[in-house]
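If you count the sequence shown from 1, you need to add 157 to reach this note's numbering.
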Amino acid sequence: MRALRAELTRASRLAVLHLPLAKDPASLEQLDIANWQGYIQGSLLPHIAGPAVALIVALAFLLTFIAWRLVKCCTCCACVRGPQRKGHKAHKLLTSRKAVWLKASAAAAAAGILAGGVYGVTQVQADMVDSGLAAIDAVTAFIDHALTAGSATVAASQALDSQLMAVRDGLVALGPGAAGLAIDDAHASLAGFLSFDSDLSTIRTSTVDRVESAIEDYSPTAHMADKWRAVGLYIAYGVLAGLAVMASFAMLVDWPAPTKPLVLIFLLLLLLAWIIVLALTAVLRVGNDVCMNVEDKVQELVSGISLGGSSGGGGVAALVQYYLFGTGGTVFSVLNSAVGLDVPGQLVQANATLLELQEAVDSTPALSSLSSDVALVTALFANVSASVDALGLALSYETFHPVWTGVKAYVCCELLNSVGCTWTALIVTASFGLTLILLAFIWIGRMDKLQAFGCCHFYSARDYSLEGECADAGCRAGPAVLPEKAGPKSSGTFLESISCPQSPIMARREAPVQPPSSPKTAAATASAPQAGRVGPAPLFHSLATGVPVPGPARMYPPVPEVQSVPSKPNAAYRPPSPQPPPAVAITSSSFPFNSGGSFVASESELQVEAHRAAELAGRALSMVCPVYGLC
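Written as structure tokens, this is what we have:
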């Protein structure tokens, strides 16, 4: 018996082994109601400790973020603002490997949140009320079927008893000797069935009718609540995933304006998610422990409770053991031990009385007039036996076990599985959410170090790629700031005040000039002083005759002084029109023409043209900067 009970218990527990937190269920001793504090400390707290810590971390993140942003709004204190990076440092902060890894990690965390939300959406069961109502209907159907069979048995017993009383009255009319037959014993045996008529009516009113009335009253409300439960889960997963994706996208494009409010909203929802995870963890743990020990716990609770006809107590425990594990014999033997109702014994006694009556009628000619009544009694007794068999089948373990399995499957499998799927999805989403929040904190802290350009600015490395490293607080991003070249100024030309080390033209300007040897210029080069000269004075030739002509004292006309720009806007101000550039000079080294019919420029002539290009660039810069306020 113990082996059968253990096998049935193991089979009944297989339905809940795949649930979350079901690998190490609590023992039956831990589920003692009197020691509920020990159950909380020994079984519940170890499982809710993790979500509780995560909830505290989320709350700390929320309070820290609010305090951080409030402090950053206090711009009256320079130490709060901190140094604002510009130029190369800002460019490096936006394009460094750390920034790339930070954005990649944020995108991965957002992908994890999105995956958790998608999993949660796919696991939402849209309609769970119908399954629960089906399980309840199975229970009410079992009760109704048993009550119907009981009512049929009572009706058959009443018909048999009435016919027996008619036969008894006939026997009494025939003579006192015939009245000695044991008809009264059969009547007493049937009285045990007749007494259940009012009890069956009371049971039907208090169970089946009440449950059906409650289902009719609360079914629309339950369906509406279940519908909004599914819609709420869809919205929750969608909002969490959407906020995470938008926040990570804003971090990828270096857009801090929407990131901060998105992080605040996400933190509030994350705190709510961890509260739900904490509650669902407790529900899952308690539900799993109860489902794994429900049969043993029910048997323990009803042990010692006896019914009216049981001897020695334990009548209810015998019924529970029979219906939950199928042990204890047949249903009538269990009823006999529980309530003292020996249905098979009473049927045997009634059958013996009928056989005795039939034998007396057949052997006594004076009783031949009662043969038809006795035959009717025999037929009615067959109806009673059939109704008792139907009642035994309706009350049997084979009929009740599918009903119990359906109820337990709904509560312990379908309902807890739905809770477990929600718990898993929220665990994944909230865990990646904490990671995303931490990365967002780091990213916002880095962005706070940059010079602000407005609330809706997309920060880019281009904003700082040409910016100078100036120390005063009035510096801002703009065009290139070209400082003056260190060292003494020479002739005072505009070109000498420009320093552009990266320019290849200026690099060639700093290199010493090696003019090409020429028969026409060898003597002049040997006798002319070289101090303070950029290169040999070129000899210009007439393009028409090829005859050398003396060059001007200055190769190019002087750069006109740029008109100063008023500090305030002036409608009458007009920028000066730039002068057309002079013609390209062709020196003696490129004359006469080569065999191809075109002039060939030497290295010194290219040097001169490079000087001229740099001077024109300086003129253009000096004219544009005052107009657009870039200098």
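Cβ atoms here follow ideal geometry from the backbone N, Cα and C, with glycine treated the same way.
Notebook entry, point to check: For the alpha helix (DSSP H) that ILE432 lies in, which residues bound it at each end?
Noted result: 413-459
Margin query: Classify GLY274: buried if its beta carbon has 16 or more other beta carbons within 10 angstroms, exposed otherwise.
Written below: buried
Item checked: PHE557 - containing alpha helix (DSSP H), residue span -> 554-565
Item checked: Coarse secondary structure for LEU481, derived from DSSP in three states -> helix
Notebook entry, point to check: By Cβ distance, which residues of its chain are closer than 7 Å to VAL434, with the 5 residues on each side in sequence left out?
Noted result: PRO208, TRP580, LEU583, ILE584 and ALA587
Notebook entry, point to check: Taking the Cβ atom as the reference point for each residue, do ALA507 and ALA475 lie within a distance shorter than 8 Å?
Noted result: no
Next item on the list: In the DSSP assignment, find the alpha helix (DSSP H) that holds ILE223 and state where it starts and stops.
Entry: 202-230
Checklist line | Heavy atom of the ligand MG within 7 Å of VAL564 beta-carbon | finding: The model on display carries no ligand, and the ligand MG is accordingly not part of it.
Check: Between which two residues does the alpha helix (DSSP H) carrying LEU188 extend?
Finding: Premise fails: LEU188 is in no alpha helix (DSSP H) and is neither H nor E.
Notebook entry, point to check: Counting pairs of Cβ atoms below 8 Å between the segment 408-426 and the segment 281-297, do you hit three or more?
Noted result: no
Checklist line | Integer-rounded CB distance, given that ALA597 should sit under 8 Å from VAL420 | finding: 5 Å
Next item on the list: State the Cα-Cα distance for the pair VAL451 and GLY269, rounded to the nearest angstrom.
Entry: 38 Å
Item checked: Nearest-angstrom Cα separation, counted from SER376 out to THR362 -> 20 Å
Next item on the list: Would you identify the three-state DSSP class for ALA569, choosing helix, strand or coil?
Entry: Ala is not the amino acid found at residue 569; the sequence shown has Cys there. Helix.
Note to self: If contacts are defined as beta-carbon pairs under 8 Å, then LEU492 and VAL455 qualify, I think. What distance do you get, rounded to the angstrom?
What the structure shows: About 19 Å; that fails the 8 Å criterion.
Note to self: Check whether the segment 304-323 and the segment 566-579 are in contact - that is, three or more C-beta pairs closer than 8 Å.
What the structure shows: no
Note to self: Among the candidates ILE340, ILE197 and LEU595, whose CA atom is the shortest distance from the CA of ALA509?
What the structure shows: ILE340
Check: If we call anything under 8 Å between Cβ atoms a contact, is PHE132 one with LEU511?
Finding: For residue 132 there is no data in the structure shown, the boundaries of the chain being 158 and 788.
Check: Cα separation between ASP318 and ALA551?
Finding: 24 Å
Note to self: Do ASP605 and LYS229 have their beta-carbon atoms positioned less than 8 Å apart in this structure?
What the structure shows: yes
Check: How is VAL531 classed by DSSP in three states: helix, strand or coil?
Finding: helix
Next item on the list: Leaving aside the five residues before and after ALA432 along the sequence, list all residues of the same chain whose C-beta is less than 8 Å from its C-beta, in chain order.
Entry: Sequence inspection shows Ile at residue 432; the Ala mentioned does not correspond to that position. Within the same chain, ILE432 has close Cβ partners LEU212.
Next item on the list: Specify, as a first and last residue, the run of the alpha helix (DSSP H) that THR279 falls within.
Entry: 254-279
Notebook entry, point to check: What separation, rounded to the nearest whole angstrom, lies between the Cα atoms of CYS782 and HIS614?
Noted result: 24 Å
Check: Can you list, in chain order, the residues of its chain whose CB lies under 7 Å from that of LEU548, leaving out five sequence neighbours each side?
Finding: ALA306, GLY307 and THR310
Checklist line | Euclidean distance between Cα positions of GLY775 and VAL765 | finding: 16 Å
Check: Closest by CA to GLU126, which one among PHE406, ASN445 and ASP519?
Finding: With the chain represented from 158 up to 788, any question about residue 126 goes unanswered, as that position is not in the structure.
Notebook entry, point to check: So, helix, strand or coil for GLN320, using DSSP?
Noted result: helix
Next item on the list: Quick one: give me the first and last residue of the alpha helix (DSSP H) that GLY395 is part of.
Entry: 367-409
Next item on the list: Please list, in chain order, all residues of the same chain as THR297 whose beta carbon is under 6 Å from its beta carbon, the five residues on each side excluded.
Entry: VAL365 and VAL368
Next item on the list: Give the secondary structure of ILE462 by DSSP, where H, G and I count as helix, E and B as strand, and everything else as coil.
Entry: coil
Item checked: Other residues of its chain near ALA407: CB distance less than 6 Å, five sequence neighbours each side excluded -> PRO415 and THR416
Margin query: With a threshold of 8 Å on Cβ separation, who are the neighbours of LEU425 within its own chain once the five nearest residues in sequence on each side are excluded?
Written below: LEU219
Item checked: Secondary structure of CYS578, DSSP reduced to three states -> helix
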